[in-house]
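Comments concern the structure below.
Protein chains: 2
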Amino acid sequence: MPRDASKTKNRILDAAQTEILGKGFAQTSVDDIQQAAEISRGTFFYHFPTKDDLARALIERYAEADHALVEGFRERAERLATDPLQQALIFVALHEDLLEDVSPEEAGCLFASFSYEAGVLDPETEALIVGSIDHWRRVLGGKLAEAMERHPPVVPDADPHLLADMAYGILQGAFILRRSLDDPRLMARHIREFRRYLELLFGVVEATP
Amino acid sequence: MPRDASKTKNRILDAAQTEILGKGFAQTSVDDIQQAAEISRGTFFYHFPTKDDLARALIERYAEADHALVEGFRERAERLATDPLQQALIFVALHEDLLEDVSPEEAGCLFASFSYEAGVLDPETEALIVGSIDHWRRVLGGKLAEAMERHPPVVPDADPHLLADMAYGILQGAFILRRSLDDPRLMARHIREFRRYLELLFGVVEATP
DNA sequence: GATACTAAACTGACTGGTCAGTCTAAAAAC
DNA sequence: GTTTTTAGACTGACCAGTCAGTTTAGTATC
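Quick note, the sequences are listed as chains A and B, same order.
Numbering-wise, numbering that gives the first Met the number 0 puts 7 at position 8 of the first sequence, and it's gapless, one number per residue.
Numbering-wise, numbering that gives the first Met the number 0 puts 5 at position 6 of the second sequence, and it's gapless, one number per residue.
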């Protein structure tokens, strides 16, 4: 009996996401989203009782996709190598591949966008973001911790989880830089540079002084 | 009541900055700012014809302060050491000191905040942000380039400007993480980790495999 | 007498949100 | 196999509130 509701709902979410990544949540009106999604104003509120509900749905979808992506990367890394250090390096390299050639519009993390607009989200959704970021950090941090057990780093007191945080930061910074800089490849190179650090830290590349 | 206009103007700017860093520009109303600054509505518009003018003034002030800070750090680094590598390391370490014990409210960069709210600023102000970010990158990148001439890095094709970008990212990422994480010292440790990378890259610390 | 401010009322555009009603497609009744 | 029913999907005009910005009339300070 019904028309395909989920299709429309996803169109709304898609439109909202690009709009919000560009302008921020508060500055994106329901009208903006409605026009971008090419649906009527009423349809928007049919699917999302309030604008805040949209925000929550967006974050939930984003968090799910993020989780799937990270787990996918982890699995691929574990399939491609048995050594945890190699797995960590592959995990990072997969991010590199993903971020080759990102347009300025695509460049951006919904989590970061909302983190600069505090107070919009209810505590549970806020917690979802924190959990999602944490998941990423734990996966990479965990692999690095395993790696350190087998391959002692060339400096004594290296902290695997601090390294993961650093990588997270490089990712976020790259998003911001991508918006003002022209080079579409820069993001991947930033991550590449981090990978090089790991290689150096674990003595994968020979130091040639 | 008082006659000192610049004092009031600065109070408005101060209030606006903390408010905007917390909630974002669009979500911060003139009333919010006016109440936080404890001035009347009329006074706000006496000093800033439009809300956008406030945004511009804020960015200009922030960019100036940023410039002064970076140049100050550069000068101190150049005073404390003659070797460009040591200067670069000190330059980074000074950031570390600055970011010891940052509260979640303070954690944030106005440039990043506005970068996720595109369309608010006029092109000139936008350019000011880009220029400001670029200045930071050029100072660190330049020092690292000098350093590489004197001290060849242990890996062959290290790019000093890419390294500076990475550092910028770590800084930005640390701001975002600081908002959801409890540890006030984390930011400094993130930067410290980057410094360690530089030391490793330039062979300042001995690799002990 | 000019500058710096206050207090409050006001305007108009725009915002999130509502609602009475229309459309669509499939199931039920004949 | 045509007609009727039904319920979810969708529409767009409309409402009430909020926002940036204006105006006005007045006070305090130098």
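For glycine and all other residues, C-beta sits at the position ideal for the given N, C-alpha and C.
Nothing here was measured: the structure is a model prediction, and the numbers come from that model.
For the putative contact between A14 of chain B and A25 of chain A, defined by C-beta atoms under 8 angstroms, what is the C-beta separation to the nearest angstrom? Not confirmed; about 18 angstroms, so no contact.
Can you list the residues of chain B that Q171 of chain A reaches, using a CB-CB cut of under 8 angstroms? G168, Q171, G172 and I175
Residue-chain proximity (R188 of chain B, chain A), Cβ-Cβ < 7 angstroms: yes
Round the Cβ separation of R136 of chain A and A163 of chain A to the nearest angstrom and send it over; I've been treating them as touching at under 8 angstroms. 5 angstroms
Determine, using beta carbons only, whether D164 of chain A comes closer than 7 angstroms to chain B. yes
Return helix, strand or coil for H46 of chain B, following the three-state DSSP convention. helix
Can you tell me whether DSSP reads I38 of chain A as helix, strand or coil? coil
Short CB-CB distance (under 7 angstroms) between S28 of chain B and chain A: no
Count the other C-beta atoms from every protein chain shown that fall within 10 angstroms of the C-beta of I79 of chain A, then say buried if there are 16 or more, exposed otherwise. According to the sequence provided, residue 79 of chain A is Leu. The question's Ile does not apply to it. So L79 of chain A ends up on the exposed side.
Assuming Q171 of chain B contacts I132 of chain A (C-beta within less than 8 angstroms), just tell me the rounded distance between them. Contact flag wrong, Cβ pair sits at about 14 angstroms.
For a contact meaning CB atoms closer than 7 angstroms, what does V129 of chain A contact in chain B? S179
Buried or exposed for P159 of chain B, please, with buried defined as at least 16 other CB atoms from any protein chain shown within 10 angstroms of its CB. buried
Using a Cβ cut-off of 7 angstroms, pull out every chain A residue sitting near L247 of chain B, in sequence order please. Nothing can be reported for residue 247 of chain B, as the shown portion of chain B is limited to 0 through 208.
Alpha carbon to alpha carbon, how far is F44 of chain B from E125 of chain B? Give it in angstroms, no decimals. 23 angstroms
Exposure of F23 of chain A, with buried meaning 16 or more beta-carbon neighbours within 10 Å: It is worth fixing the name first, because residue 23 of chain A is Gly in this sequence and not Phe. Classification of G23 of chain A: buried, given that the 10 Å Cβ count is 16 or more.
Mapping DSSP to helix, strand and coil, what is R137 of chain A? helix
If you draw a straight line from the alpha carbon of I58 of chain A to that of F110 of chain A, how long is it in whole angstroms? 8 angstroms
Considering only the alpha carbon of each residue, which of A:V129, A:F201 and A:E95 lies closest to A209 of chain A? No information on residue 209 of chain A is available, as it lies outside the stretch 0 to 208 that chain A covers here.
Starting from the beta carbon of I32 of chain A, find every residue of chain B whose beta carbon is closer than 9 angstroms, and list them in chain order. Those within 9 angstroms of I32 of chain A in chain B number zero; the least Cβ separation is about 15 angstroms.
For L88 of chain A and L68 of chain B, what's the separation of their Cα atoms in angstroms? 36 angstroms
Where Y115 of chain A falls: helix, strand or coil (DSSP): coil
Between the beta-carbon of E63 of chain B and the beta-carbon of L161 of chain A, is there less than 7 angstroms? no
If the criterion is Cβ atoms closer than 7 angstroms, does the pair G168 of chain B and A173 of chain A meet it? yes
Going along chain B, which residues have a C-beta under 8 angstroms from S114 of chain A? I175, R178 and S179
Against chain A, with Cβ distances strictly below 7 angstroms, would A15 of chain B count as a contact? no
Is the Cβ of V204 of chain B closer than 7 angstroms to any Cβ of chain A? yes
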